[in-house]
Each structure stands twice: as C-alpha cells, then as structure tokens.
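Asker: Questions regarding the structure given below will be posed in turn.
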Amino acid sequence: MASNTHQKIHYQTLGLSLELPTDYAVQQLPDWRMAHFALILPIPFITLGSKSSTDNWTQAIPFDEGWTRGRFNGIKRINTAQHDAAKNTYTAPPESLFAYTPRAFHESACKRFSGPLQSSLAAVAADGPAIIGADEYAKLMNNREHSHHRAWKKLFVNDCSRLKGDVGNDEYERQEYCDYLTGFPTTHVLTFPLSENPAEHSQVSLICVEYLEFSDPGHRRHGKEHTDQTVNAALVLHVVAENCTSSQLEKISRALHRPRNKVKIPGVSTPVALFKEFVNAASEALPATCTVKAAPGGFVYAEGEGFADTPAKLVKPFAVVCAVPGTEEIKTAPEFFNQSTTDWPHADIWAWQLCTGADNYSEAIPRLTQDSLKESQVGAYQAWTIHADEDGLAIVRTRPASSYDNKMWMLSGTRFVDLALLVHRSRSYLHGFSERLRAIGFNGDELKELLDQQQVAADTLMTATEDLSKSLSNFQDLQSDLVEFRDRLWFETVPKREVDTVILKALQRTTGAAAHFHEICAEMDLRKDIYATQHQVLKIQAQDRLVEQDKQQQEEEKAQQKKNDQRMERITIFASVLAILPLIEAFPFAEGSFAPFLISLLVVIIGAAALLVPRSTWKAIRTSKRR
66 MASNTHQKIH
76 YQTLGLSLEL
86 PTDYAVQQLP
96 DWRMAHFALI
106 LPIPFITLGS
116 KSSTDNWTQA
126 IPFDEGWTRG
136 RFNGIKRINT
146 AQHDAAKNTY
156 TAPPESLFAY
166 TPRAFHESAC
176 KRFSGPLQSS
186 LAAVAADGPA
196 IIGADEYAKL
206 MNNREHSHHR
216 AWKKLFVNDC
226 SRLKGDVGND
236 EYERQEYCDY
246 LTGFPTTHVL
256 TFPLSENPAE
266 HSQVSLICVE
276 YLEFSDPGHR
286 RHGKEHTDQT
296 VNAALVLHVV
306 AENCTSSQLE
316 KISRALHRPR
326 NKVKIPGVST
336 PVALFKEFVN
346 AASEALPATC
356 TVKAAPGGFV
366 YAEGEGFADT
376 PAKLVKPFAV
386 VCAVPGTEEI
396 KTAPEFFNQS
406 TTDWPHADIW
416 AWQLCTGADN
426 YSEAIPRLTQ
436 DSLKESQVGA
446 YQAWTIHADE
456 DGLAIVRTRP
466 ASSYDNKMWM
476 LSGTRFVDLA
486 LLVHRSRSYL
496 HGFSERLRAI
506 GFNGDELKEL
516 LDQQQVAADT
526 LMTATEDLSK
536 SLSNFQDLQS
546 DLVEFRDRLW
556 FETVPKREVD
566 TVILKALQRT
576 TGAAAHFHEI
586 CAEMDLRKDI
596 YATQHQVLKI
606 QAQDRLVEQD
616 KQQQEEEKAQ
626 QKKNDQRMER
636 ITIFASVLAI
646 LPLIEAFPFA
656 EGSFAPFLIS
666 LLVVIIGAAA
676 LLVPRSTWKA
686 IRTSKRR
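Position one of the sequence shown corresponds to residue 66 (the working numbering), numbered consecutively onward.
Written out as structure tokens, the structure is:
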C-alpha cells in the first residue's frame, strides 16, 4: 500500500458523509438536519526572531502518527429521511435513492484559488498529499513559497467516503486506501446525545481537529539586516450537530461562541460547557509538547516553547457555520426573537443568531427591520442566505438538503475557512503595524529647538540631522512592509469566484479589517507628505546654519591670523631696534659728541612709530603721497 504514494484520491471520494443509522425512525422530522461549526481558535502568534530569507524554520509541534497532513475535506453527503406512509414514520433511505442522499463534491484549494492568492492561502498545505499526490506534494513543499506553511488534522470520523456512484480507481480508492491517505479516524469520538431516544440520532460531535501554521510577513526593524519572521497559528475545531430542534441548535450556538453558556445533555446531571469540553479534547489530541487551554471569554492560549501566552496576545475565536433545515419550511425563529415583530425571514434570523452566538448579555442586538437586514446580510440566494458579524460567518439553507445548489455545505468548512483564516492573519499583521506606526518618532522638534538658538555647536547640529534622517528611514521601512503586506496578505477579490469575493469582503468589513487597512493607508499617505516636507525644510535650514557657522568661523580665524601677523611684525621691529643700539655705541664718534645719543633717539622714535601707528594709517599716508 505504501508503494502507491504516487496516487491521489479522486475528488468525488473526498468528504464526510452524514449518514442516518439503519434504525432511524421518527414520526416528525427534526427542525434541523445538520449544523456544521468550524471554530477558528487563533493561538497567540509565535515570533521566531530575525532570520534570513534562506533560513528554514521548524514547526513548533512534532506531530505523531495520529495526525495527517492537509485540512479537513468537508461534508460531502447529507442523508435525509424518507417517509414511510404505511408506518407514518420517517426512516433512513437506501443508498440507491439519490434524492435522499444528495452529495456536494469537494473542491481543492489549489483548484478553487489561483494566482498569488493561492500561495497566500497556503493552498498546497491545505490540500495535502492525499489530494495533490505524495510525489507532487513533496516537490511543491520543497519550494519556499509553500514550505513555510503547515496544515495537520486529526480525524474522529472519516472525511473521505467511498460511496456508490462515485467515480474513481477502485484498485487504489477502496475505503481502506482512502483512509490510509487521508488519515485513519480515532475510535474516541467525543459525542453528546441531545435526545433520550437513540433512534432519533440527535447529537453534537467533535469530528476533526486541525492545527495550522502560517509563515507571514514580519515587521522590519531599523538597523537589522533581516526582517523578523512571524508565524500565526490556529486550531480549527469541526463540530457537527445533527437532527436537533431549534431550541437545541440555539443553545449549541451560544455554547460554542461563549463558554459561559451550557447545554443540557440527557443523562448528565449538570449542563455541559461544550466549548471547554471540545477545547480540552483538542488539547488531548495534540502532542504532549503543546497544551491548549480555554480562557474566560472564549479565548484560547497555548503552553509550549515558542507560544506567547500573555493576555494581550489573546484573540477572539471566529466561527464559520453552515446549517441545513430538516423540514420544508423553517417554522420558528430563535427563542431570542420569538416574541419580536420582524421583517426578517426566519432563515435570516437564524443566520444572524448562528454567526453571533448572541445571548441575553450580548450588546447592540438589532431591531429586525429591512435596514438592519441589509446591514447584516451579505448574500441572498434562492437556497441560501449568508450573514456575517465580527464573531462569525453563517450560511443557512432555506430548504432541506437536496441536489439543488448544495455546494455551500462543502465550501463552508473548507474554502470559506481558508478565507476567514486569511482575514485573521491580516488583522494580526495590521495590529502590529499600527503599534509600529504609533511608536515611530519624527525627531524634528529637537532640531527645531537647536535652530532657534543663537549659538549651537556644529557637532550637535550634525547629530540632530542624522537622527532626523534615521526617523525618515524608519518610516520608509514601514512603507516597504506595507507593500509586502498588500502583496501577500491583502486581497479584495477572489478571481472568478463571486461568492468567495462576497464573503471575503464581508469578513474584512465586519471584523473591522477593511476600515483598519484603509485608515493605515490614509495615515501613511498623510505622514509621507508631512515627513518629507518637514525633513526637507529642516535639512535645508540645518545646512544653511552649518554654512553660516562655517563662514563665521573662517572670518574669525582670518581676523585672528591678522592679529598674529601684526604681533609678529612688532616683535621683529622691536628686536631690530635693540640690535641697532649696540652698533651705534660701537661707532667711533668724537668724545663728548651728541651724535650717538641723537642717532639712538632717532632709531627709537622710528621703531616706536612703526610699532604704535596702525598699518592702516601708514597705508593712508602712502596713498596720499602718491596723489
């Protein structure tokens, strides 16, 4: 079996099949056939320090054989009950009745997304070797563009189902081989029954845990040769509720959004906090080197080498939910709105409830008007309605499961989760970018104060000018990082995918990522013009002051040199006079003659005149004589 590693699974085989047990028998169809919650639990990011572009980083967790590469393959088939008129009951259908066994085929990330977006969404890691093929997967993961992302999953049920009518190579796609490639599910499934009657098959279960790592753009630090590398990590818990009442679904939704809410489980004396139970189960599934814990408020943090566990790093969970009703009409709204006058269809009220998990303590609960519906609803289709909120995305089917427009239940837990993860990663980066932008200082005030002073040392001016240039260089680093962010983490369309584009934009808007991004861009543009102008003006002023100081210094040096020259002339004349006097005395004048005295006096007078009369006066006398 291991020798067939070149094989890959046909897309029709991929995906979980939600079966009804053979003994399923109810007299009334459940309000909801299925609700799939993909809970994205961001783990505080890991900073691996400064690394060059060629360095490889190692994953934080060494996964054991119970984990398989790739992401969860989604829900493929939803079996619906057929009516037995003779017994007036609804029972499980045979597999041959396709009308009661609709299936939505899997679409890989590499096929769904193209261009730069495919790489940014870590499509190769998401698909894994079972979809791409082991040889091709290994080849692609040797490319740095793909190798710095990781996707691992641990299954509690099969996410690959070989069903009658599926196309594929029977030799290599027997269920055993499918399990070999996609991962053998563990026998320990965490399931909570919702009904005392087992025949109703009413339950909520943890079906898969994913651990994901994304190597994202780092934050450039001034003076460093390389950019710090940042890894965003997340757990994704896939929880499925089946055959439940509206009341049960509402309680499950609240409990999975906020740990304070609990669900009554038959046979259990105290209500169960589903969020904590499923997080604990996920933590037990992880290797021993990492422990995940649920903090108050629904936050999750990890304990292990490389993980940040400070409260400031905690990020709220996000839910991508898909719900399919069990009846032809959604007859009741959530209890939260049962007594309200509403302009919303019941499907839209449920979509809002599922994406928010709102309870009595939630804030800003909307009035159900047409205006509020337009604000909350991001997509309206014949078979589906889509709502988004800062806490989640909900896709609710307006009719029971069928082969009509059914791909949403497959995409919700796969490709739409990819988009939600991208938005989370972009929000994480924008948060760090804002902190850097806020901390950046444009050191112009110090230089302004120095320029206002009458006397300041040239060295001090030079140092202040250099600090100003460093501030501008820090801002230029921010500009470079913003360009890289827009290249790798910020997309506003999904090429050739209208629904995906609608969902991506909705997630960016409702989470505040779009507003944050545009605020940063506007702030960068504003600061760019201001900083450039201030830098240029202050630099010119500083240069002028330095030139002025240099000129003044030269003039002072010239005046000092002039004084030194005059002093040397006087010393020379004085020395000459002193040298002449002995010569006069030695001359053979007649005894008693006054000539030596007169000559000496004349020499002294001439020397005194030369020393005491300024050179400018002598120059004026000479000039007047020439005239």
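Ideal placement from N, C-alpha and C gives every residue a C-beta, glycine not left out.
Just checking my contact of glutamate 342 with leucine 255 at CB under 8 Å: how many whole Å lie between their CB atoms?
Answerer: With 8 Å as the limit, glutamate 342 and leucine 255 qualify as a contact, their Cβ atoms being about 7 Å apart.
Asker: What does the alpha-carbon distance come out to for the pair arginine 142 and arginine 503?
Answerer: Roughly 50 Å separates the two Cα atoms.
Asker: Along the chain, where does the alpha helix (DSSP H) containing tyrosine 494 start, and where does it finish?
Answerer: Run containing tyrosine 494: 480–504, per the alpha helix (DSSP H) assignment.
Asker: Glycine 457 and arginine 323 look like a contact to me (Cβ under 8 Å); what is the Cβ gap, rounded to whole Å?
Answerer: That pair is no contact at about 12 Å.
Asker: Leucine 314: which of Gln268, Ser184 and Ala359 sits nearest, CA to CA?
Answerer: Residue Gln268 is the option with its Cα nearest to leucine 314.
Asker: So, using beta-carbon positions, are phenylalanine 556 and isoleucine 105 closer together than 8 Å?
Answerer: No; because the gap between Cβ atoms is not below 8 Å, this pair is not in contact.
Asker: Thinking just about the alpha-carbon of each residue, which of Glu428, His452 and Lys381 is nearest to the one in lysine 439?
Answerer: It is His452 whose Cα lies nearest to the Cα of lysine 439.
Asker: Run the proximity test for tryptophan 415: is its beta-carbon closer than 7 Å to any non-hydrogen atom belonging to the ligand NAP?
Answerer: For the ligand NAP, the structure offers nothing, since it holds no ligand at all.
Asker: Hey, quick one: how far does the beta strand (DSSP E) through phenylalanine 279 stretch, first residue to last?
Answerer: Its beta strand (DSSP E) spans residues 268–281.
Asker: Is leucine 572 near valine 488, with beta carbons less than 8 Å apart?
Answerer: Yes, the Cβ-Cβ distance between leucine 572 and valine 488 is below 8 Å.
Asker: So, does the segment 188–197 touch the segment 323–339, judging by three or more C-beta pairs under 8 Å?
Answerer: No: fewer than three Cβ pairs fall under 8 Å.
Asker: How many angstroms separate the CA atom of alanine 429 from the CA atom of valine 443?
Answerer: About 19 Å.
Asker: In the DSSP assignment, what residue or residues form a beta bridge with cysteine 387?
Answerer: Answer by DSSP bridge pairing, in chain order: His101 and Ile460.
Asker: Compare the Cα-Cα distances from cysteine 30 to each of Val304, Ile460, Ala580 and Phe163 and report the closest residue.
Answerer: In the structure as shown, the chain begins at 66 and stops at 692. Residue 30 is therefore absent and cannot be evaluated.
Asker: Just how far apart, CA to CA, sit serine 499 and isoleucine 505?
Answerer: In a straight line, the C-alpha of serine 499 is about 10 Å away from that of isoleucine 505.
Asker: By Cβ distance, which residues of its chain are closer than 6 Å to tryptophan 417, with the 5 residues on each side in sequence left out?
Answerer: So the qualifying residues of the chain are Ser441 and His452.
Asker: Going by DSSP, name the residue or residues bridged to asparagine 629.
Answerer: Answer by DSSP bridge pairing: none, since asparagine 629 is not bridged.
Asker: Quickly, what does DSSP pair glutamine 442 with across the bridge? List them, please.
Answerer: BP columns for glutamine 442 point to His452.
Asker: CA-CA distance, alanine 187 and threonine 406?
Answerer: One C-alpha to the other measures close to 45 Å.
Asker: In chain order, what residues of the same chain lie with their CB nearer than 6 Å to the CB of asparagine 234, ignoring the 5 residues before and after it?
Answerer: Low confidence applies to asparagine 234: its pLDDT is 48, below 50, so where it sits in the model is not reliable, and the reading given next is rough at best. Hits under 6 Å: none found.
Asker: Counting only beta-carbon atoms, is tyrosine 89 nearer than 8 Å to chain B?
Answerer: Within the model displayed, chain B is absent; a lone protein chain is all it includes.
Asker: Using the Cα positions of leucine 495 and proline 263, report the straight-line distance between them to the nearest angstrom.
Answerer: Distance between the alpha carbons of leucine 495 and proline 263 is about 49 Å.
Asker: Helix, strand or coil: which one does DSSP assign to phenylalanine 556?
Answerer: If DSSP states are grouped into helix, strand and coil, phenylalanine 556 belongs with coil.
Asker: Leaving out five residues before and five after glutamate 549 in sequence, what residues of the same chain have Cβ atoms less than 6 Å from its Cβ?
Answerer: Once the five neighbours on either side are set aside, the close Cβ partners of glutamate 549 are Pro282.
Asker: Check whether the segment 94–103 and the segment 384–398 are in contact - that is, three or more C-beta pairs closer than 8 Å.
Answerer: A contact exists between the segment 94–103 and the segment 384–398.
Asker: Considering just the uninterrupted stretch of the beta strand (DSSP E) at tryptophan 132, what are its terminal residues?
Answerer: Taken as a continuous stretch (DSSP letters only), tryptophan 132 belongs to no beta strand (DSSP E), as it is neither H nor E.
Asker: Buried or exposed, going by whether 16 or more other CB atoms sit within 10 Å of the CB of histidine 148?
Answerer: Result: exposed.
Asker: From Arg319, Phe163, Thr154 and Phe540, pick the residue whose C-alpha is nearest to that of phenylalanine 401; which is it?
Answerer: The residue with the shortest Cα to Cα distance from phenylalanine 401 is Arg319.
Asker: My output table needs one value for tryptophan 409: the three-state DSSP class, helix, strand or coil.
Answerer: Residue state, collapsed to three classes: coil.
Asker: Following the continuous beta strand (DSSP E) through proline 194, name the residue where it begins and the one where it ends.
Answerer: Looking at the DSSP string, proline 194 is not in any beta strand (DSSP E); the run it does join, the alpha helix (DSSP H), is 188–197.
Asker: Are leucine 259 and cysteine 309 closer than 8 Å when you measure CB to CB?
Answerer: A contact, by the Cβ cut-off of 8 Å.
Asker: Once DSSP output is grouped into helix, strand and coil, what is the label at asparagine 539?
Answerer: Helix, per DSSP.
Asker: Under DSSP, the beta strand (DSSP E) around phenylalanine 257 begins and ends at which residues?
Answerer: Looking at the DSSP string, the run of the beta strand (DSSP E) that includes phenylalanine 257 is 255–258.
Asker: Can alanine 466 and proline 167 be called in contact, C-beta distance under 8 Å?
Answerer: Cβ distance < 8 Å, so alanine 466 and proline 167 count as in contact.
Asker: From the DSSP output, which residues share a beta bridge with alanine 169?
Answerer: Alanine 169 is not bridged to any residue.
Asker: Quick check: phenylalanine 257 and valine 337, are their CB atoms within less than 8 Å of each other?
Answerer: Against a cut-off of 8 Å, the Cβ pair of valine 337 and phenylalanine 257 comes out as a contact.
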